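Numbering (the numbering used here), first residue to last: 25 to 386.
Backbone N, C-alpha and C fix where the C-beta goes; we use that ideal spot for every residue, glycine too.
Quick caveat: nothing in here was measured; it's all calculated off a predicted structure.
Written below as structure tokens is the structure these notes are about.
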């Protein structure tokens, strides 16, 4: 996850020799050409056939798991498939899903943003304070998004300009950001007495919560950008091989900065949604949110190596977490067993991510 891509072309000749195959990521973001190249290189032998079957199992596994959980809980609880409960699941995972969309884009680019939870907290606090100070609701919301963009800019400065690994940089920034949220509120939640934001977030256009509409909008727009635009292809190309991308004329540092701005803005949107649903800003909101976000992303098969992944798979991972949490609650499973189940799912996600990454790099 190095950001020092300007020196990459002169690192070594072995990396340069590998560049042409990896540079397919610029024009082939989903890896179809690369998978075809692998099969043709090995020939239609039994080994290649097994590789294709395993790849398909990994590709469909998250959807099979989601369908399996839905079938199981629908049989175990008569309330699971009720319209009210399904909408509750959507509302419960909306913020996590928005954060996971940003994290997916960052990981595809070969970066990681661990400030998303703290970003949610600080944004919710800023929005609540400004609204209570007399700012119009939408101006306060805009200011909250700006806060998220500034956080993304700070992260990109540390990673791109200073050259700090994104894990270390964003982990440290997350501590600073949550500390600011605690300072601004003296460690207490800031309640909203002007409820325009709460009314908007809790509204249900066409019977569907606004938070779910926002979640769907983020994933639809993100999928279009990542699949059909040059900017999206460049994200895949830089994540797959920064050296090849740089030689292809992609401004890698600018792209990394843009990616961190996107993750910051989406995390800020999550903070606005949180402030609206809870009618307050809180310095301790979204503590540990990175855990659920990474679980969803890894369940979706997005590895830590960059260059591969799909947003729709991340959405499936988010829904798996939401269905599991909701189903266990409906069945009145003890909280410590729920914690065990979530931990097991995270371990499974890490294993799936490792397997997918190993197969992609063969």
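Distance from the CA of residue 222 to the CA of residue 298, rounded to the nearest whole angstrom, comes to 9 Å. Counting along the chain, residue 258 sits inside the alpha helix (DSSP H) bounded by residues 254–264. DSSP places residue 215 in the strand class (E or B) of the three-state scheme.
Comparing alpha carbon positions, the residue from 358, 301, 295, 146 closest to residue 210 is 146. Pairing residue 349 with residue 362, the inter-Cα distance amounts to about 7 Å.
Sixteen is the threshold: since fewer than 16 other Cβ atoms of the shown chains lie within 10 Å of the Cβ of residue 212, the residue is exposed. Residue 305 sits in a strand when the DSSP states are folded into three classes. Under the 8 Å Cβ criterion, the stretch 308–322 counts as touching the stretch 129–146, having at least three qualifying pairs.
In this structure, 289 is the residue among 289, 370, 305 with its C-alpha nearest to the C-alpha of residue 175. If you compare the alpha carbons of 207, 86, 120, 127 with that of residue 305, the shortest gap goes to 207. With a cutoff of 9 Å on beta-carbon distance, residue 193 and residue 186 are scored as near each other.
Just so you know, the alpha carbons of residue 164 and residue 125 end up roughly 24 Å apart. Closest option to residue 93, judged by alpha-carbon separation, among 345, 236, 202: 345.
Rounded to the nearest whole angstrom, the CA to CA distance from residue 189 to residue 252 is 30 Å. Within the stretch 335–360, the complete alpha helix (DSSP H) runs of at least 4 residues fall at 335–354.
The beta carbon of residue 293 sits closer than 6 Å to those of 122, all from its chain and outside the five residues before and after it, given in chain order.
Around the beta-carbon of residue 180, 16 or more other beta-carbon atoms lie within 10 Å, marking it buried.
Judged by their CB atoms, residue 323 and residue 86 are nearer to each other than the 9 Å cut-off. Closest in C-alpha terms to residue 310, from the list 267, 198, 104, comes 198.
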